[in-house]
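With this note's numbering applied, the sequence shown covers 314 to 534. Glycine included, each C-beta is placed from N, C-alpha and C at the ideal position.
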Amino acid sequence: MEELFSALQSPPLAKRPWVTLSYAQSLDGCIAPLSRQPLMISGKESLVLTHRLRAAHQAILVGIGTVLSDDPRLTVRLAPGTHPQPVILDSFLRVPLNCKLLTQSRPWLITTEQADIIRREQLRDMGAQVIVANRNGHGQVDLADALQQMARRGVRSVMVEGGSTVLTSFLQSGLIDHLVVTVAPLVLGGLRAVNALSTPLPLQSPHWERFGNDWVFWGRV
Ligand SMILES: NC(=O)c1ccc[n+]([C@@H]2O[C@H](COP(=O)([O-])OP(=O)(O)OC[C@H]3O[C@@H](n4cnc5c(N)ncnc54)[C@H](OP(=O)(O)O)[C@@H]3O)[C@@H](O)[C@H]2O)c1
């Protein structure tokens, strides 16, 4: 893992940021209960690692589904370091005005031209940066363009934390450098971390290590 942390200290200058996908799953590959009730899947030790990873990236990205379910802060609290820039993929600007990311920080909202103009202004007035990206074939934010827009604003590394739809999109897109998956000893029967990939994605030189009761797997994709 230290190898990954040192690589993150000087990510290569490129057209898109270095992308790390990181999430916590159950033994049966789920990241949340079906009810979508917020649930802490990983134990304290691997959570500390997640916060170290957050601090090692310049930005942290989630989908609007995670904001609506969990109302996360995406800050660094369990490790030393600074908070990464929060980024939300939100094609129609459904983000609630009272969510923690809007009231406690200044997130970047990556949206599409379909988003209401008045809503864009309202969110800008609250301190958010509204970034209009291209649409993909499903009318959602085009990931390649979103990453390029982030790179243009100086972001060289981004940690993608979820949820399921966003993880799947990134894995399908091939726009990933590293995968870090925490596996916790519970069976959830819930929302699957990843759905419907057309090709398997093996990790190159995979590593794994125990953190408390969890196992963390990581490697280059
Ligand atoms: N265990 C973990 O590590 C972990 C981490 C994070 C989240 N979660 C869980 O994941 C669940 C949420 O997952 P989710 O699948 O419902 O939501 P999500 O992946 O957080 O967000 C999905 C939404 O993002 C928007 N989006 C915009 N562009 C996209 C693109 N190119 N590809 C994919 N999505 C795009 C879409 O909404 P629009 O069309 O409106 O833009 C889409 O519906 C929650 O229950 C949360 O607790 C678990």
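Cβ pair residue i, residue j closer than 8 Å
i, j, result
"Leu334", "Leu510", "no"
"Leu504", "Ser477", "yes"
"Val529", "Asp490", "no"
"Ala372", "Met463", "yes"
"Gly532", "Pro519", "yes"
"Val332", "Val473", "yes"
"Val507", "Leu488", "no"
"Gln427", "Ser404", "yes"
"Pro399", "Leu414", "yes"
"Val361", "Ala392", "yes"
"Gln461", "Arg329", "yes"
Alpha-carbon spacing of residue i relative to residue j, whole angstroms
i, j, result
"Gly452", "Gly378", "16 Å"
"Arg437", "Arg407", "14 Å"
"Gly525", "Val471", "26 Å"
"Ala368", "Leu402", "20 Å"
"Leu374", "Gly475", "8 Å"
"Asp429", "Asp527", "43 Å"
"Glu316", "Arg386", "27 Å"
"Gly440", "Arg433", "11 Å"
"His364", "Arg390", "7 Å"
"Thr395", "Arg419", "14 Å"
"Leu321", "Gln350", "33 Å"
"Thr424", "Gly450", "14 Å"
First and last residue of the uninterrupted beta strand (DSSP E) at residue i
i, result
"Gln435", "Careful: Gln435 lies outside any beta strand (DSSP E), inside the alpha helix (DSSP H) at Ile430 to Asp438."
"His451", "No beta strand (DSSP E) contains His451, which DSSP labels as neither H nor E."
"Phe530", "Asp527 to Arg533"
"Phe524", "Gln517 to Phe524"
Residue environment, residue i, which counts as buried when at least 16 other CB atoms sit within 10 Å
i, result
"His370", "buried"
"Arg465", "exposed"
"Thr416", "exposed"
"Leu347", "exposed"
"Asp384", "exposed"
"Ser538", "The chain is shown from 314 up to 534; residue 538 falls before or after that span and cannot be answered."
"Asp341", "exposed"
"Val500", "exposed"
"Gln338", "buried"
"Ser323", "exposed"
"Leu410", "exposed"
"Gly467", "exposed"
"Ser359", "buried"
Where the alpha helix (DSSP H) containing residue i begins and where it ends
i, result
"Ile377", "Ile377 to Asp383"
"Ala509", "From DSSP, Ala509 is part of no alpha helix (DSSP H); its letter is neither H nor E."
"Ala345", "Careful: Ala345 lies outside any alpha helix (DSSP H), inside the beta strand (DSSP E) at Cys343 to Ala345."
"Val479", "Ser477 to Ser486"
8 Å Cβ cutoff, residue i in contact with chain C
i, result
"Thr416", "As a matter of chain content, chain C is missing from the structure shown, which is built from one protein chain."
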